[in-house]
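Notes follow the structure.
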């Protein structure tokens, strides 16, 4: 996403946050976004941005000609994967993101003279202005880079290009129109329109940006002349892949009456470009009666370029009505996916002698009927229901996937300080048996063997999941002075997952067809507990614990020998402790430390996994001119697992079970500072370091296994710049960003970039 500039955009965004409906969390349209850059940090699971003060601390000041410092790196949400910044130059605000934080400027002098910024501060507080206001920024940025551009320029152009941003806002205190256009570089742009009035709202935005894709040279296997069991053939050695993303989003909201509201959401995304398409052919010339290599037992992996062209569109009408104690909302989201991809083919060996297509993405159409109900009942009780039924039609295979479900909840708050909730959920998915895609899928084998079963396709697994549970929350001293912040939460859940068409046959040459394993049922139980205590207005702590027990989790089974492996645990526990300490209005510290254990010890599998997630943040403003911050995050997973390998390697017996050890670590360290030298001149700087490693320990007879599985990445991002306002309504800025991506396991991904941005901004 291109950044938004100008305090006028902030005003429009405040109105949008206050008046517009929340965006639907539709994962299909989730796309990499430019992280929000604000004057203050965004706190999320103990991580803070490196520049500015904590959100909600200090006075709110809208300073349009004071651009925010560049975003300095990934924001860590919960204990999920790290999300890295997609563009080095951030402006004062960004649109279309949920992680927006109000700008805070504790580092600026509080005795500044009145300026036009005060007009917008008044407007943000609800006072109106009838005059149009325009913010314009332009500049030029260039990049010097070496190495591979894939990572340092994953979502941005690396050619010199102009930068501009135009934002026009007009409001009479009742109706507001905001027009904006941003050209980030030659590769990315954004235009949009926002309109707000008491009875009607409309939002429209168009984004375009590039996305460079990795090219895997398949170095962990031999070439065609190597004589190894697994060989590669890359038809596009040394070439890069990339796609272009274009996205249009519109939303309309209006009132048909006092108790009826309607919404209409529409999104369309197009992805077009080139990607790497891989397919493997396995040739087996015999039946393994004893350990040792098989004749003609070679896997050939073919890689080639494929041009793709995907269009995904979603149309969702919504109507909401309120009648007395009942609130009902009906929506019908409809999504269609079309593709016009290049057809790539290869031959698949003895039983498929002709070239066959692969890397085919099926076209599909999904439609869902969804009903939400909320009913206020007597005795402080509220009933909530969410019901849905839908269908996905795979138009490539002419098959349907039907799904249904409900979520029913009953909450009671009749006891002082106590909230009780009981719930029941049900989700079911039923698949249609697809028709054969290829004629060979119905043909008889040219050579019948037990190791190659007869051709045919399996019926997709159908499943039904049912759960029941209860939640309780208690604040015993809510009305008393002693420990007003003490609170407890307690919950439990019981569930069952039922499967159909989950039977697998283990072949037996002496007693055909063999043993049948039916993984038709998995049950689980979960318990969680938490407590929080606000010791004072400056200190709050929490402790949480969750335990989950699963019986008969799904596992993989080898159809020829019956060996099993799985990474799904039978027992899982998570404990977390942490807190927030606000020593004063200029000092804030947060901490969170956790321990997670996952284990499975049965005849199916034997493994244990430990994780230690930790986050720490610190913010300090020693004077009104300085703002200092730092953050550290540590994430890990350590796994010891017995894995059974049905191998034909001479040194390994068939069914050999070995103990494998895996270690993964991710560490993030960030620091930042901002200094207001004068009323007109402000400096900012930040640094971020990321160390990540995933590796499998060396094990005989595969001592080279770690070099094929290692992921060792170091990333450094250093930012700096200043903002200078020689007079009201005009400012100049300079930004520098150094980005270094070092991949120690596959050096061809490494690269560095020096990025410069300079320009002017004006408001009138």
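Numbering (the numbering used here), first residue to last: 6 to 769. Ideal placement from N, C-alpha and C gives every residue a C-beta, glycine not left out.
Rounded Cβ spacing between residue i and residue j (contact assumed at less than 8 Å)
i: residue 594; j: residue 620; result: Wrong, their Cβ atoms sit about 12 Å apart, outside the cutoff.
i: residue 374; j: residue 394; result: 5 Å
i: residue 754; j: residue 745; result: With a Cβ gap of about 12 Å, residue 754 and residue 745 do not count as contacting.
i: residue 256; j: residue 208; result: 5 Å
i: residue 801; j: residue 279; result: Because the chain in this structure spans residues 6 to 769, residue 801 falls outside the shown range and cannot be described.
i: residue 527; j: residue 502; result: 4 Å
i: residue 372; j: residue 339; result: 5 Å
i: residue 385; j: residue 435; result: At roughly 39 Å, the Cβ-Cβ gap does not stay under 8 Å, so residue 385 and residue 435 are not in contact.
i: residue 306; j: residue 285; result: 5 Å
DSSP beta-bridge partners of residue i
i: residue 605; result: 612
i: residue 375; result: 336, 393
i: residue 760; result: 148, 742
i: residue 632; result: 679
i: residue 497; result: 475, 532
i: residue 620; result: 597, 638
i: residue 434; result: 408, 468
i: residue 257; result: 207, 269
i: residue 645; result: 613, 666
i: residue 287; result: 304
i: residue 322; result: 269
i: residue 512; result: BP columns for residue 512 are empty, so no partner.
Under 8 Å between C-beta atoms of residue i and residue j
i: residue 537; j: residue 492; result: yes
i: residue 367; j: residue 402; result: yes
i: residue 143; j: residue 169; result: yes
i: residue 580; j: residue 550; result: yes
i: residue 666; j: residue 702; result: yes
i: residue 269; j: residue 322; result: yes
i: residue 520; j: residue 567; result: yes
i: residue 700; j: residue 714; result: yes
i: residue 380; j: residue 330; result: yes
i: residue 193; j: residue 171; result: no
i: residue 533; j: residue 506; result: no
i: residue 649; j: residue 609; result: no
i: residue 245; j: residue 223; result: no
i: residue 155; j: residue 251; result: no
i: residue 1; j: residue 139; result: One cannot answer for residue 1 here, as it falls past the ends of the chain, which runs 6 to 769.
i: residue 558; j: residue 603; result: no
i: residue 431; j: residue 406; result: no
i: residue 427; j: residue 479; result: no
i: residue 313; j: residue 344; result: yes
Three-state secondary structure (DSSP) of residue i
i: residue 369; result: strand
i: residue 776; result: Outside the shown range of the chain (6 to 769) lies residue 776, about which nothing can therefore be said.
i: residue 765; result: strand
i: residue 753; result: helix
i: residue 155; result: helix
i: residue 420; result: coil
i: residue 343; result: strand
i: residue 231; result: coil
i: residue 274; result: strand
i: residue 573; result: coil
i: residue 304; result: strand
i: residue 525; result: coil
i: residue 316; result: strand
i: residue 25; result: For residue 25, the predicted structure reports a pLDDT of 37, less than 50, and the residue's modelled location is therefore unreliable. The matter cannot be settled from this model.
i: residue 170; result: strand
i: residue 385; result: coil
i: residue 364; result: coil
i: residue 403; result: coil
i: residue 348; result: coil
i: residue 242; result: coil
i: residue 565; result: coil
i: residue 215; result: strand
i: residue 43; result: In this prediction, residue 43 scores a pLDDT of 30, lower than 50, which makes its location untrustworthy; the coordinate-derived value is nonetheless stated afterwards. Residue state, collapsed to three classes: coil.
i: residue 160; result: coil
i: residue 583; result: strand
i: residue 589; result: strand
i: residue 220; result: coil
Ranges of the beta strand (DSSP E) found wholly within the segment 662 to 740, counting only runs of at least 3: 686 to 701, 716 to 732
Which complete beta strand (DSSP E) runs does the segment 173 to 210 hold, if anything under 3 residues is left out? 181 to 188, 194 to 201
Could you pull out every unbroken beta strand (DSSP E) segment of at least 3 residues lying fully inside the segment 528 to 561, listed in chain order? 544 to 556
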